[in-house]
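Okay, so the sequence shown: first residue is 459 according to the working numbering, each after it adds one.
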Amino acid sequence: MLSEHPEIQIKDAIHHYNMDVFNRCEVNGAVLLTLDGWEDVHPSLVTIPVDWAYAIPYGAQYFAESSNNVQRFLKACQEADIHVP
Numbered sequence: 459m460l461s462e463h464p465e466i467q468i469k470d471a472i473h474h475y476n477m478d479v480f481n482r483c484e485v486n487g488a489v490l491l492t493l494d495g496w497e498d499v500h501p502s503l504v505t506i507p508v509d510w511a512y513a514i515p516y517g518a519q520y521f522a523e524s525s526n527n528v529q530r531f532l533k534a535c536q537e538a539d540i541h542v543p
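See below:
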């Protein structure tokens, strides 16, 4: 893509997205690659699905000494055959 369109500049975003990242995207007229879960996070941005052979790891983080609610959630994931270590 870059060889055919040298005017494209690829910049890394911070390691996590927040509203500042989306606002900068709007102000600078930039394209941002995001997960589907961010689809409606900003009223001025439009999400267009892409069909690329690309995968991104995704997971849940929780405190090692988690609450009963978190433990129940993890158990429900395991019972639904969702991999949880």
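C-beta atoms are modelled at their ideal positions from N, C-alpha and C, and glycine is treated no differently.
Look at F480 here: in three-state DSSP terms it is helix.
If you look at K533, you'll find it in the alpha helix (DSSP H) that goes 526-537. Ranked by how close their Cα comes to the Cα of Q519, the residues V528, A511, V499 have V528 in first place. For W496, the secondary structure class from DSSP, reduced to helix, strand or coil, is helix. Taken through DSSP and simplified to helix, strand or coil, V485 comes out as helix.
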